[in-house]
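Protein chains in written order, with my numbering: chain A, 34 to 522; chain S, 272 to 1338.
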């Protein structure tokens, strides 16, 4: 009798052992565990969208890596007072508290998003599956790969050395592919660039099969079903944007042949007059300055979507902002000389972004690219890659002066400027630099352009005109403390 | 007499001897048995010889009919047989069985069996030495099993683990049990305070910031730390806190700390692996097992206890300037303005300011601010218990009401507890239910003590009309180059009298149910289920008139915040216990079972601001929600499941073996490693039971000697939820056309392994004859490897810190408790006792994974994490003192050079905050019902970082010169070349690095507990009161403290000295 009782009790115990494993598996109810997230297609899309949303944070492309810190490094703005919040950037003081924090935050946020991408890539697996069927698989994995490459590439362009045969193997930054926080080794530029190109090539291959932009265009409109997974392709790293990144990457490693090929492939595909995907020029040439298409939204290959874009204008460009915070071409007045030196053609569409605003305290030359008017087209856009750059890559990489000039004038014509005829390749290069400077203002690319070309002469931040000498060492930002203090090498 | 001649020991109840007559016998060389038979011939007593013990029991009267007529007719008498066993199922031989109201009875045989004649309905009364009297009504004439609970005093001889009970004699683990009587000889304030004095392994870490705040939980450690210190904030919970078990169920430090002393029956501390492993992955920090009183059967009995304490603040560690000194200090430091070389002010304005203040000082203004926010606090706690019942059903109801006042005005803790306990026992089934309701109302002081200790003595507390001004003084200083600063000195009394509020209300409900089924005499099955629900509401209101809102936007003045939390715990427990003595020598014990536990909590909070007045501190008078603090909602759920097996085997009570195996699963650990196995093994040798020992008269002076050793790997689970899970959060700050977006909020580490501590212990227990000397010694080595730490990683990993298993910590130490009876007379005993603890630990295998913490700690504290070093090491650059010529500090570099330059590279260990030895030295005197007890805490060796020297003597920033400082800032600082000073120039306001100059030897002697008590159960006046016993006790706790250093303690809340008394009456 007793034996039976004991045996039955023991059996009961053993039986409960199996069910307990399940019982203690608690999922949080006020947060989202990753097993839950990646159990639906919507989960994958939310995770991917999370990266895009986070890119708009001021720490990175929402401000510091576009129109503020990086453009100050690119010497766009006049800044003579040492009390200006960006003065340390203008003078390349990388050891100051402000610069250190800003660069540290760029680095941290970038790698945080890289790991987010890595997890998405890891969860996608090798091929499309019932959870993530055909077009979704290519889009999710392709975009995540391209985002990872873009973020690494920008970290290299900021914290790595100027590309050269001599220092392409000097360890500079890690290429992090781990789907969990892991310490990854510092690699040389050459290896980093190989990873960037590999990831972008893989992304392009995936997107080529999946991206509706190839057949349908950008579709800058809300879907009739309300689900915008295949719409607003400009706000995602689409097939052409990924290819443009590839062209940018090839050019960084001075592989002009491949850069030109990528650029030409894009231009051929998107500028087909019969069915243009992207085109130069403005949407509403007759609009008032506040509603004018300063973004040239039809030529933007990739942009971020932010609901608070007006804050960017208010915080950094508005005449209402205090002088020590405001970004402008002069000492907080209406001096036009820096603007006039840059824009050689008064009919340039891009010149419309500069207006003189009158306030109670006087009149101020103001850059209104990021201002949001009542009828501004694409009022949420922060452009990161545009067609102008692809054309200029083609111009720069063209083997002959004539071909290069043709590309240059293609852009100038598109921007409502007269064509020019550079006498030699040096003049062509000067024109390209000037065009690039006009094209990407407020987009954080200029510093990288100077760096890629190792310019030793750059505009002078402390004067409304003229240039200053640039130490080549200033092109390399030291690795942040949060990285090196722990790394120990 | 017999004890002396034969070495045999008598074992009896005092009451047994009440009816005895004195006997005088003169015999020689008579066998003991024969002698005793002769001696007890005409006594109402039986005797039984067992080993070296002679047990006395009441003799059943053979011829009761002579004096008492039989209550029942002989023909209705039936034969009743039964067995008397202990709660562990061991037979109790020699227990007396008596029919209530008669002298008829018998006693049990060696196997606990008895047979007697009784009538249905009669009550049998069972008594046995060491057990509580138990009554059973005769209902059926079959076999009666009587289980006798241990008498309270006998708890000492048992180890109560909360899951099983074991005789200490046959237990191999290291543990200590204290009955409430012992606890109450040292303190009546909190059971935890009392254990601190009684057990050297149990430490309460002094809180130099919050002193004796009644609303602050003590920081408790048993045998030191198993986890990395300094990272507490990151873990969310204190990873070094022991596990608390209340009546078999997991409890919290808060509940134990609020528990009324008079509800406690005993507290057991489980220290080594053999004792704690039954709690598996939560046991690495030791276990505190609290058993509350069980109802005692009998007629309705009332017990009333009063505990009362008068505490008063202890300012002996403060060394502040008076008005005159303060003014001189401000002059010397040029705070009032620059001085000419001959010591006059450069500007007239400065001179005028100085003279105005001087005039006040001359008028006798010398405000002593420290006494303003404090009071002599009166704490009282009443506990009333009613209990009674019969053998089948016993009950008790306890009501405990108390208010624990803190020495700071406005801080108090009101505790109300109601408890109903029912025990039902019939046949093979026993059921018990324990219901508790706890209501706690805590209020906190609203202005920190430091605001008063910082106030200037030359300011008047009250204005001319006796009112309180908000601002004592304001002025501007500085220059155009340095910027103009506005300095305002607020009167702390003003805020103090505003209607600020900081309170917490909590209502707790606990119900524990237990069902026990005796499957057979050796086997028992037990099911327990517990539910615990607690609702906590926190309210904080900061008056808009407070200094903190001075000058802010009127729409943002005043803050009100509320937080509500609800926690529900479910516990389930099932176990099978087997205990049997086989072939008279092999005692086998086994416990197998499982436990389930779920802890869930929901918390929400919000904050509003913008008040126009402070009459109504509630949310509806606010202007708007706070723009700096978002509403918070948190939900968490933790589950754990475990299976355990404990076996104990003892051979002839000489060789003992314990083994425990536990499989633990918890939701906080990664899905791939949710389960872990904990094991332990213990061995012991009772040398005193060996025949060579017993038979050798050379060892007669020694009554007990036992050697123990154990090893095991208990774990630690005091970590925050979801440290192993990757968790995403919704990003609602920015939206785009693509729908919802999520981003990782917590990486987690699914690979995380459980933190386990390899715990090795050896020890011995020694007692001499008559308990004259008792010595308990334990040596232990605890190795936690790997530790569960927040490792700093390069930020390119995607985050700056990750949870990982890394590095290790090894802790070695010993504890010793020694008692010696200096004098033992008939009713007089004088004991001295000593206990000591020594701990030493070191880190290993960290590499530079924690280098970021080292960086962060530089300039903040002296704690560093380096391999081979101790967690309590103090790291700093060695200082050679202040150069008399220049007033600059001279440092010693690593290669032995003298330098003025401070470089963190030169840091070495300059001290260790752990003492070499810490413990209690005390003495106790017992005379009749009187007891007196003195326990002094000593601390020898070890250093301290002198926070006061660092913050209030040196390194005083310019703005802080206006606040009151330590006297030594004026007297001990360098002033002119040639001064041989310990501290830098009085004019120096820059911050200096922490150097060895701020480290001093810290030796302490403190009067932790001094008490006198009196207990009487028989005096005539007590009977006149209608009471059965009365106890009194008067205590002085922390009444003095002598230290080799003068360092401020109790920065935000002062320490208290206290005098208390307790009264207990039982009716």
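Where a beta carbon is used, it is the ideal one built from N, C-alpha and C, also for glycine.
For residue 540 (chain S), the closest C-alpha among the options S:830, S:559, S:697 is that of S:559. Scanning S:939, S:1261, S:931, S:813 for the CA closest to the CA of residue 890 (chain S) turns up S:813. Annotation for residue 183 (chain A): the continuous alpha helix (DSSP H) segment containing it runs 167-192. For residue 643 (chain S), the three-state secondary structure derived from DSSP is coil. Here residue 757 (chain S) is exposed. Its C-beta has fewer than 16 other C-beta atoms within 10 Å. When DSSP states are grouped into helix, strand and coil, residue 195 (chain A) belongs to the coil group. Interface annotation, residue 519 (chain A): in contact with chain S, CB-CB separation under 8 Å. At a C-beta separation below 7 Å, residue 339 (chain A) has these neighbours in chain S: 1005. The straight-line gap separating the alpha-carbon atoms of residue 647 (chain S) and residue 581 (chain S) is approximately 7 Å.
When only Cα atoms are considered, residue 796 (chain S) and residue 354 (chain S) end up about 19 Å apart. Among the residues of chain A, those whose CB is under 8 Å from the CB of residue 1016 (chain S) are 64, following chain order. Neighbours of residue 332 (chain A) across chain S, judged by C-beta separation under 8 Å, do not exist; the nearest C-beta is about 20 Å away. Beyond the five residues adjoining it in sequence on each side, residue 1250 (chain S) comes within less than 7 Å, by CB distance, of 1155 in the same chain, given in chain order.
Using beta-carbon distances, residue 388 (chain S) does not count as an interface residue toward chain A, since no partner is under 8 Å. The segment 988-1023 of chain S is shown to contain no whole alpha helix (DSSP H) run of 4 or more residues. The straight-line gap separating the alpha-carbon atoms of residue 468 (chain A) and residue 509 (chain A) is approximately 24 Å. Against residue 1013 (chain S), the close residues of chain A are 65, 70, 79, 80, 83, in the order they occur along the chain (beta-carbon pairs closer than 7 Å). Non-local beta-carbon contacts of residue 363 (chain S) in its own chain, meaning distances under 8 Å to residues more than five positions away in sequence, involve 355, 356, 357, 379, 383, 399, 402, 419 in chain order. By the neighbour-count definition (other C-beta atoms within 10 Å, threshold 16), residue 308 (chain A) is an exposed residue. In the displayed model, residue 138 (chain A) falls within a helix according to three-state DSSP. Interface flag for residue 1010 (chain S) against chain A is set, since a Cβ pair is found closer than 8 Å.
Closest by C-alpha distance to residue 273 (chain A), out of A:290, A:248, A:256, is A:248. Per DSSP, the continuous alpha helix (DSSP H) segment holding residue 458 (chain A) begins and ends at 458-472.
One finds nothing in chain A with a Cβ atom closer than 9 Å to the Cβ of residue 986 (chain S); even the nearest lies about 15 Å away. Collapsing the DSSP output to three states places residue 877 (chain S) in a strand.
Contact between the segment 694-708 of chain S and the segment 611-624 of chain S is absent, with fewer than three C-beta pairs closer than 8 Å.
Interface criterion met: the Cβ of residue 255 (chain A) is under 8 Å from a Cβ in chain S. Residues of the segment 261-281 of chain A whose Cβ lies closer than 9 Å to any Cβ of chain S, in chain order: 261, 262, 264, 265, 268, 269.
According to the DSSP assignment, residue 538 (chain S) belongs to the beta strand (DSSP E) that extends over 535-541.
Going by C-alpha positions, residue 799 (chain S) is about 32 Å away from residue 980 (chain S). Counting along the chain, the unbroken alpha helix (DSSP H) around residue 374 (chain A) starts and ends at 370-375. Non-local C-beta neighbours of residue 363 (chain A) in its own chain, meaning closer than 7 Å and more than five positions away in sequence, comprise 111, 371, 398, 497, ordered along the chain. For residue 715 (chain S), the number of other beta carbons within 10 angstroms of its own is at least 16, and it is reported as buried. Contact between residue 105 (chain A) and residue 123 (chain A) holds: their C-beta atoms lie close to 5 Å from each other, under 8 Å.
Residue contact check for residue 511 (chain A) against chain S: no CB pair falls below 8 Å. When the beta-carbon positions are compared, residue 244 (chain A) and residue 321 (chain A) stay at least 8 Å from each other.
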